[in-house]
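Protein sequences appear in the order of chains A and B.
Per this note's numbering: the first sequence = residues 11 to 373.
Per this note's numbering: the second sequence = residues 11 to 373.
Everything on this sheet refers to the single structure shown next.
Protein chains: 2
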Amino acid sequence: MPTRRSPARRPTMKDIARRAGVSESAVSFALNDRPGVSEATRARVRRVAEQLGWRPSTAARALSGEGVATVGFVLARPAATLGVDSFFLQLVSGIQGVLAERHLGLLFQVVEDVADECAVYRRWWAEHRVDGVLVVDPRADDPRPGLLDELSLPAVVIGGAPDERHPGLSTVWADDAGAMASVVGELTALGHRRIVHIAGLPDLAHTQRRIRTLRAEAERRGLAEVESVPTDYSDAEAAAVTRRVLRRPAPPTALVYDSDVMAVAGLAAAAELGFSVPAELSVVAWEDSALCRMVAPWLSALSRDSVEFGSTAARELLALLDGGPARTVRVPVPRLIERDSTGPARSGPPRREDANGGTGTGA
Amino acid sequence: MPTRRSPARRPTMKDIARRAGVSESAVSFALNDRPGVSEATRARVRRVAEQLGWRPSTAARALSGEGVATVGFVLARPAATLGVDSFFLQLVSGIQGVLAERHLGLLFQVVEDVADECAVYRRWWAEHRVDGVLVVDPRADDPRPGLLDELSLPAVVIGGAPDERHPGLSTVWADDAGAMASVVGELTALGHRRIVHIAGLPDLAHTQRRIRTLRAEAERRGLAEVESVPTDYSDAEAAAVTRRVLRRPAPPTALVYDSDVMAVAGLAAAAELGFSVPAELSVVAWEDSALCRMVAPWLSALSRDSVEFGSTAARELLALLDGGPARTVRVPVPRLIERDSTGPARSGPPRREDANGGTGTGA
DNA sequence: TCTTGACGCTCAAGCGCTTTAGCGGTTCCC
DNA sequence: GGGAACCGCTAAAGCGCTTGAGCGTCAAGA
Chain A
11 MPTRRSPARR
21 PTMKDIARRA
31 GVSESAVSFA
41 LNDRPGVSEA
51 TRARVRRVAE
61 QLGWRPSTAA
71 RALSGEGVAT
81 VGFVLARPAA
91 TLGVDSFFLQ
101 LVSGIQGVLA
111 ERHLGLLFQV
121 VEDVADECAV
131 YRRWWAEHRV
141 DGVLVVDPRA
151 DDPRPGLLDE
161 LSLPAVVIGG
171 APDERHPGLS
181 TVWADDAGAM
191 ASVVGELTAL
201 GHRRIVHIAG
211 LPDLAHTQRR
221 IRTLRAEAER
231 RGLAEVESVP
241 TDYSDAEAAA
251 VTRRVLRRPA
261 PPTALVYDSD
271 VMAVAGLAAA
281 AELGFSVPAE
291 LSVVAWEDSA
301 LCRMVAPWLS
311 ALSRDSVEFG
321 STAARELLAL
331 LDGGPARTVR
341 VPVPRLIERD
351 STGPARSGPP
361 RREDANGGTG
371 TGA
Chain B
11 MPTRRSPARR
21 PTMKDIARRA
31 GVSESAVSFA
41 LNDRPGVSEA
51 TRARVRRVAE
61 QLGWRPSTAA
71 RALSGEGVAT
81 VGFVLARPAA
91 TLGVDSFFLQ
101 LVSGIQGVLA
111 ERHLGLLFQV
121 VEDVADECAV
131 YRRWWAEHRV
141 DGVLVVDPRA
151 DDPRPGLLDE
161 LSLPAVVIGG
171 APDERHPGLS
181 TVWADDAGAM
191 ASVVGELTAL
201 GHRRIVHIAG
211 LPDLAHTQRR
221 IRTLRAEAER
231 RGLAEVESVP
241 TDYSDAEAAA
251 VTRRVLRRPA
261 PPTALVYDSD
271 VMAVAGLAAA
281 AELGFSVPAE
291 LSVVAWEDSA
301 LCRMVAPWLS
311 ALSRDSVEFG
321 STAARELLAL
331 LDGGPARTVR
341 VPVPRLIERD
351 STGPARSGPP
361 RREDANGGTG
371 TGA
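The structure is reproduced here in C-alpha cells:
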C-alpha cells in the first residue's frame, strides 16, 4: 500500500535506514540506483521508502552538490501588457509536461524588463535556486546570453536564431523567415501587391527576422508597396496602425499581424472604417488560437504548436542538464491555415474616391 | 561598488567570515539582524557581503529549519483547455508583485485535474519545496483544504467562500452573489425578464454561488424564465449553448456569460443567428479584459481587478507564513462596466418566425 | 574587592543528503 | 596457497546555514 496516513514529520533517510536495518549510505545507494548494495537490500529499502512516502529533500540534495531539480522561467512584461495571450500559457504547459516526468519544478517570475530579468538570473544563481533557465523573447543586443554564459547557468533560448557567440546555450527556434516567405507567396498568388505587416516589438529578434524577410521577399518579387510597421503588441496600437494605413489614398489590400490579439483588434478597426474582409482586405494572424475562430470572419492564421514548442525547449534543457552538448533545434515552420479572412485582391483601382494620389495601383 | 566580476564559485558565509575577520556565526547574526554583534561589525559584515554579491543559499537555509522562501501555485486544467485567458496571468502577476518584494519564489505547475493537484501538494510537502500554497478554483467537496490541513501546509484559497471546516486556511474571495444580484437588477431595470446565465464549470464553488444567487433573485423578482446553463468554459460550448437557447420559441433577451472568452464566442454565435446586439439581445461578460473591447459591439462586463486579487491573496499567504492567524478577506464586489452590448429589452412579442419550435436555421 | 551580568564573540552540533575511504569476507587466478 | 580483486556494507566528512552553549572582557552593583 503506497499511501498511509501522512505523518506530521517528513520521513528522512534515517527513518528508512532504521526500519530497513541498514546504514544511511546503503539507503542512499539503494534509492539512487548506485552499485554497492545487493538486489535484495535494494528492494527492501525501496519498499520501506514507499511505505513511508519518502521523497528526497530537495534542499539536502542541493546542499550536497546535486542539482535543485528546478528550472527557471522569467517573463519580462510590463504589468499592464499582460493581457490576453494564449502563447505563453501554452508554452508553459508544454514545458511542464516534460519537466513533470522528471519531477523537476518550474520557478516562474514576471518582471518589468530585461534588466530586471538579468537581476533575477543573478539572484537565482547566487541563491542556488535553479539548475537552468528557459529564456524567451530574445532580442538584438541581448544581455542575457552573455550573463548566463558568465554564470555558467545552462539555458535554452526560445525563439532566437542560432547565436555563435554563446556556444554554451541551446536554441530552439521557429523558422519565421520561411513562414513569412510562404505568407507573402500566398498573398501575391492571390494578387496582393500592397501588403502591410503590423509587427510586434521592434527589438525582438523574431520581429526583425520577419521584417527583414518581408523586405527581401518584396524586393525579389518587385513589390514596391510593402512595409512593416512595428508596434508594442498592444491591441490599441494595432488598431491605430490599422486605421492609419487604411486611410491612405492607396490602402493595402492585405494586412499581416504579428499576433492573434493584434489581428482581432485590427479586424475590428477595419470593420469600423467600412472595409469588408476578405472582399476588400485580407487579414492574416501570426499565431493561431481560439480567438481566431471567435470573430467574424474567422481569421486565417499561421499556426504553430506552442505546446510542442515548449516541450522541445524543455527537452533541450534536460539534455543540457544531463551534460549533453548545446544544440540548435528548429521546430516545424508555422503553416498558414486559410480560413475566411483571406481572399483574392480586389482588382481594379483602389476604393471609392481614393484614386487621387497617382501612386501606381499595381493591378 | 555593489557589483563585481561574477566569480565562478558562489560566495558563502565562510568567505565573508574570512574577509571580515569574524566567525561564521557572527556573520549569520549580522546578516539576519539578530543581536549578538556590535553595530560596527554588523556594518562591516554587511559591506563585505555586498561586495561579494553574497546571497543566502536557499538550500542551506531550508536545511537548517528556515523556510524555503518559495510558494506554490497549481493550475488544474486539461492541457486542451489552456486557451485564451487573461485572468490567470493577471492573477499571477499580482501574486508576483507581492512575493518579489520579499524575494520569495513562485513554483508553478500545470496539471490535468484536482487529483493530480493533490499529488503535487503531497510531493511538494515531502520534498520540502514550498512554504505554502495558493489554491484556485475551489469546488464543492474539495479534497484540497483537507489535505493541506493534514500536511499543515499554509494555504490561501482564492475565490472560495469562507469554509468553517478548515480554520487553518485563509480565504480571499469576491462577492459573486452581490455581483450577480446587481447584474440581475440592472437587467430587470432595462426590462429584461428572460435571462440565461451561461455558467462555467458546475462544480466550481463560485459557479454554484452565482447559480444559486440567480435563482434566488429570479424568485424574489418573480421572473419565471431565468436559468443557468453550466458549461466547461470552452468557447465551443458557449457558442453551442447560445445557439440552443436563442433558437427557442421565446428566446432570452439577455445573456450573462461566466467569462470574457465565452461572451465573445456567444456574441459571434448570436450574430450568426441574426440577433442584433444590443437591440434584440443584451450580453454581459463576467470578467473584463481587452477582449471585451476588441469585438463589435464592445461588451458590457463585470470588472474586477485580477492583479489586485492576486496581490491580496499573496499578502494573506505572507501573513500566514509570518505566523499570523488565518483570515477571510473579501475583495471589492466586481462592478458592471456598461458598454455597448446591453440595452433595453426589446418590447413586444418574441422574434419573427421563430414561433414554430423546430430547430430552424435561425436566419 | 569580589561578584553579577551584559556584551560581543567563537565553537560545535545539526539539518538530510551524497560520497569517499575503508573493512571483513568471499572468490579468483597464477 | 597467497595476493589481488571484488562484493556488500558502514563510518565519517562535508555541503552552507542556524543556533544554543560557552567563554573572555568590561562595567556596574554589593
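Quick reminder that beta carbons are idealized off the backbone N, C-alpha and C, glycines included.
As the structure is a prediction and not an experimental result, all values here were calculated from the model.
Supposed contact pair residue j and residue i - C-beta distance, whole angstroms, cut 8 Å
i: A/L109; j: A/V140; result: In fact, because the Cβ distance is near 12 Å, the residues do not count as touching under 8 Å.
i: A/A65; j: B/E137; result: In the sequence as displayed, the identity of residue 65 of chain A is Arg instead of Ala. The pair is a contact, with the Cβ atoms about 5 Å apart (cut-off 8 Å).
i: A/G276; j: A/T252; result: 4 Å
i: B/A215; j: B/G170; result: 5 Å
i: B/L41; j: B/R56; result: 7 Å
i: B/G353; j: B/S292; result: 6 Å
i: B/V343; j: B/V193; result: Not confirmed; about 11 Å, so no contact.
i: A/R86; j: A/D151; result: Checking the sequence, you will find Ala at residue 86 of chain A rather than Arg. Not really, about 15 Å apart at Cβ, beyond 8 Å.
i: A/A272; j: B/A278; result: Correcting the residue identity first, residue 272 of chain A is Met in this sequence and not Ala. Not really, about 19 Å apart at Cβ, beyond 8 Å.
i: B/A69; j: A/A69; result: 5 Å
i: A/V166; j: A/L327; result: 5 Å
i: B/A53; j: B/V37; result: Not a contact, Cβ separation roughly 13 Å.
i: A/V341; j: A/A191; result: With 8 Å as the limit, A/V341 and A/A191 do not qualify as a contact, their Cβ atoms being about 17 Å apart.
Exposure of residue i, with buried meaning 16 or more beta-carbon neighbours within 10 Å
i: B/G82; result: buried
i: A/S48; result: exposed
i: B/V67; result: The residue asked about is misnamed: residue 67 of chain B is Ser in this sequence, not Val. Classification for B/S67: buried.
i: A/G104; result: buried
i: A/G334; result: exposed
i: A/H113; result: exposed
i: B/E111; result: exposed
i: A/R220; result: buried
i: A/L283; result: exposed
i: A/D123; result: exposed
i: B/A324; result: buried
i: B/A355; result: buried
i: B/G370; result: Only weak support is given to the placement of B/G370: the predicted model assigns it a pLDDT of 38, under 50, and the value that follows is read from those uncertain coordinates. That one is exposed.
i: A/P261; result: buried
Beta-carbon proximity of residue i to residue j, cut-off 8 Å
i: B/Q100; j: B/S269; result: no
i: B/V120; j: B/Y131; result: no
i: A/S238; j: A/L256; result: no
i: B/L265; j: B/S310; result: no
i: B/G77; j: B/L331; result: yes
i: B/A226; j: B/V236; result: no
i: A/V145; j: A/R154; result: yes
i: B/T263; j: B/R204; result: yes
i: B/G374; j: B/S321; result: No answer is possible for residue 374 of chain B: the residues shown for chain B start at 11 and end at 373.
i: B/A281; j: A/A280; result: no
i: B/L312; j: B/V274; result: no
i: B/Y267; j: B/W308; result: no
i: A/P172; j: A/T51; result: no
i: B/S351; j: B/P259; result: no
CB contact check: residue i to chain A, cutoff 8 Å
i: B/G333; result: no
i: B/S103; result: yes
i: B/H138; result: yes
i: B/F285; result: no
i: B/M2; result: Absent from the model: residue 2 of chain B. The displayed extent of chain B is 11 to 373, so no value can be given.
i: B/D43; result: no
i: B/A59; result: no
i: B/G115; result: yes
i: B/T338; result: no
i: B/A72; result: yes
i: B/T68; result: yes
heavy atom of the ligand HEM below 7 Å from residue i C-beta
i: A/A289; result: With respect to the ligand HEM, the structure shown offers nothing to examine, as it has no ligands at all.
Interface flag, residue i vs chain B, CB-CB below 8 Å
i: A/Q218; result: no
i: A/G156; result: no
i: A/K24; result: no
i: A/Q106; result: yes
i: A/R65; result: yes
i: A/P12; result: Confidence at A/P12 is low in this model, with a pLDDT of 40, below 50, so its placement is unreliable and the value that follows should be read with caution. Output row for A/P12: interface = no.
Within 8 Å, do at least three Cβ pairs link the segment 161-181 of chain B to the segment 198-212 of chain B? Short answer: they don't touch.
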